[in-house]
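Data first, discussion second: the structure below is written as structure tokens.
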Amino acid sequence: MADVRRSLARRWACLVLGGALLMPYMMVGVLVAGLARGESANLLLPVQVGVFAAVLPVVAVTGLFLPVRGLSVNAAQGLLGARVETPPRQAGRSWQERRRTAAWFTLHLAVGGVVSGFTLAVVPFTMFTLVLPFTGQSTPVLGLPVTPGWNAIGWAVAGLVLLAALVAMAAGAGELLARLAPVLLGPTPAERLAAAEEHARTLAERNRLARELHDSVGHALSVVTLQAAAAGRVLDRDPATARTALAAIEQSARTALEDLDHVLGVLRDDGAGSRGGPAPQGTLEDLDELVASSGARVLREVGDLSRVPAVVSREAYRIVQEALTNAIKHGHGPVRLTAAVEGDDLRLEVTNDGGRSARARTGGRTDGRTGGQTGGRTGGRGVAGMRERVRLLRGELDAGPTESAAGTGWRVAARLPLRSHS
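All residue numbers for the sequence shown refer to full-length UniProt numbering, where the first residue is 1 and numbers rise by one.
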């Protein structure tokens, strides 16, 4: 019950606020009416009603052009208890939003003005009638004589009935405004569409960053694991090879840290850049460095890639990076990398079909595995990332394990159009 009373009081306050905002319009209207009809007509009820009706279009125009939406939303949320979804910030106000705000502003001031007017009239009248039974003398009310006794008691009851009617009217008006507030003050369909598009762009950017993080840091960690295992096995008998592997670990870890720092900088709430600046985007021109950092024996067949557009080159680099990681982890032999332009397509193929370990150059195990460190990873997320990159470029991808006389291997083949075809 206490909550109901507090809610009614807050809604009544919102209605009185609307009446207070209407007061300047009414004062100007009454002044104009007084100049037109004579000063004595200013307080006549028909004049007040006429002025009230005349100022509502002016209120609507005010709502169209003045920034009243924020005030209205705060009043609806704080006083009416309405659940108004906060509209997204936009550079300008659309006419649809202006019309809806003007409709709410006009309704708020009109209903608030009526309730405020009745409040100013009914509350003093009720208090006056409640005193009548105790005066002991005849008192005129609205031009009618009120005598002590039942006549005075009847007027007191009438005052209480009017007060109850005022409370009911205020409750109904507050409920009406509370129901209309989300409709008129909430986001417009255009704003909802813009918010959905912005949310989609944000998700797409985060997914892109997740792919970048998986491809770069995941590749670097795989290389670190492989090189660390190889260095540990040859540390005593071949220190030079172990030092080479440790240098590769240092370089891979540094690159992974830079990429991770870049992604975390982009995702920070304040939107500031990362300490290290934008992470460099690898391209097919960086294949030699990528192969060298992989720690695997890679047989390369790379043709003339000068015709490959920059965007295709960047995505192809990430595909080769993930393909090398999967081939090293899941294949058993030296890796073969083919990259060439055929017609209007870029053809990429990374295979590892068994035989000697891909890590022969660093003295790793001949079964192509590193033990428990990588056994839990399946590479599925990386393959999904490759498929997404290829799909965005409208290409084709074939990735998965292969069987041959040499054993079980891994193959990734991609076709990427050099030009976008709508």
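Where a beta carbon is used, it is the ideal one built from N, C-alpha and C, also for glycine.
Option nearest residue i by Cα separation, candidates the options
{"i": "D353", "options": "D344, N326, A339", "result": "N326"}
{"i": "A110", "options": "E322, L166, L290, V58", "result": "V58"}
{"i": "L142", "options": "F134, G149, F128", "result": "F128"}
{"i": "L56", "options": "A158, L22, G70", "result": "L22"}
{"i": "L324", "options": "L221, D238, A171", "result": "L221"}
{"i": "A245", "options": "A296, E322, L160, A121", "result": "A296"}
{"i": "L166", "options": "L180, V114, A210", "result": "V114"}
{"i": "A158", "options": "Y25, V123, G136", "result": "V123"}
{"i": "F134", "options": "A121, N151, L346", "result": "N151"}
{"i": "G400", "options": "E322, L71, V47", "result": "E322"}
{"i": "A384", "options": "R99, A210, R233, V291", "result": "A210"}
{"i": "V161", "options": "P145, G149, L130", "result": "L130"}
Cβ-based neighbour list, residue i, same chain, cut-off 6 Å, excluding 5 preceding and 5 following
{"i": "H330", "result": "W410"}
{"i": "E396", "result": "R415"}
{"i": "A9", "result": "none"}
{"i": "Q77", "result": "V84"}
Simplified DSSP assignment, three categories, for residue i
{"i": "residue 424", "result": "This structure gives no information on residue 424, because the portion of the chain shown stretches from 1 to 422."}
{"i": "residue 445", "result": "Because residue 445 is not part of the residues shown, which for the chain are 1 to 422, the question remains open."}
{"i": "L44", "result": "coil"}
{"i": "T325", "result": "helix"}
{"i": "residue 427", "result": "Examination of residue 427 is not possible in this model, given that the chain is present from 1 through 422 alone."}
{"i": "L176", "result": "helix"}
{"i": "P417", "result": "strand"}
{"i": "G112", "result": "helix"}
{"i": "A339", "result": "strand"}
{"i": "E85", "result": "coil"}
{"i": "T202", "result": "helix"}
{"i": "R300", "result": "strand"}
{"i": "S404", "result": "strand"}
{"i": "L79", "result": "coil"}
{"i": "residue 427", "result": "The displayed coordinates of the chain run from 1 to 422. Any statement about residue 427 would go beyond what the structure contains."}
{"i": "G282", "result": "coil"}
{"i": "T147", "result": "coil"}
{"i": "P133", "result": "helix"}
{"i": "residue 441", "result": "Coverage of the chain is limited to positions 1 through 422, which leaves residue 441 absent and any answer about it impossible."}
{"i": "R411", "result": "strand"}
{"i": "T188", "result": "coil"}
Chain-order list of residues whose beta-carbon lies under 7 Å from that of residue i (same chain, five-residue window excluded)
{"i": "A102", "result": "A60, G63, L64"}
{"i": "D398", "result": "A413"}
{"i": "S94", "result": "T188, A190"}
{"i": "T139", "result": "L132, V146"}
Contact under 8 Å by Cβ, residue i with residue j
{"i": "V312", "j": "L184", "result": "no"}
{"i": "A248", "j": "Q227", "result": "yes"}
{"i": "G174", "j": "R5", "result": "no"}
{"i": "V51", "j": "A33", "result": "yes"}
{"i": "S116", "j": "G29", "result": "no"}
{"i": "E301", "j": "T338", "result": "yes"}
{"i": "D344", "j": "R419", "result": "yes"}
{"i": "L79", "j": "T126", "result": "no"}
{"i": "E315", "j": "R389", "result": "yes"}
{"i": "V341", "j": "G303", "result": "yes"}
{"i": "E97", "j": "E191", "result": "yes"}
{"i": "A231", "j": "A242", "result": "yes"}
{"i": "I319", "j": "L348", "result": "yes"}
{"i": "L132", "j": "A168", "result": "no"}
{"i": "L17", "j": "G112", "result": "yes"}
{"i": "A310", "j": "T283", "result": "yes"}
{"i": "L305", "j": "R336", "result": "no"}
{"i": "G81", "j": "A2", "result": "no"}
{"i": "S293", "j": "Q251", "result": "yes"}
{"i": "L346", "j": "V308", "result": "yes"}
Neighbour-count burial assignment, residue i, 16 or more Cβ in a 10 Å radius
{"i": "P67", "result": "exposed"}
{"i": "F105", "result": "buried"}
{"i": "I153", "result": "exposed"}
{"i": "M386", "result": "buried"}
{"i": "L44", "result": "exposed"}
{"i": "V223", "result": "buried"}
{"i": "P334", "result": "buried"}
{"i": "A75", "result": "buried"}
{"i": "H108", "result": "buried"}
{"i": "R69", "result": "buried"}
{"i": "T147", "result": "exposed"}
{"i": "R206", "result": "exposed"}
{"i": "G382", "result": "buried"}
{"i": "T202", "result": "exposed"}
{"i": "A229", "result": "buried"}
{"i": "R100", "result": "buried"}
{"i": "S72", "result": "buried"}
Cut-off 8 Å between Cβ atoms - residues of its own chain near residue i, not counting five sequence neighbours on either side
{"i": "E85", "result": "P182, G186, P187"}
{"i": "A170", "result": "L8, R11, W12, L15, V115, T119"}
{"i": "L287", "result": "R300, V302, Y317, V320, L337, A339"}
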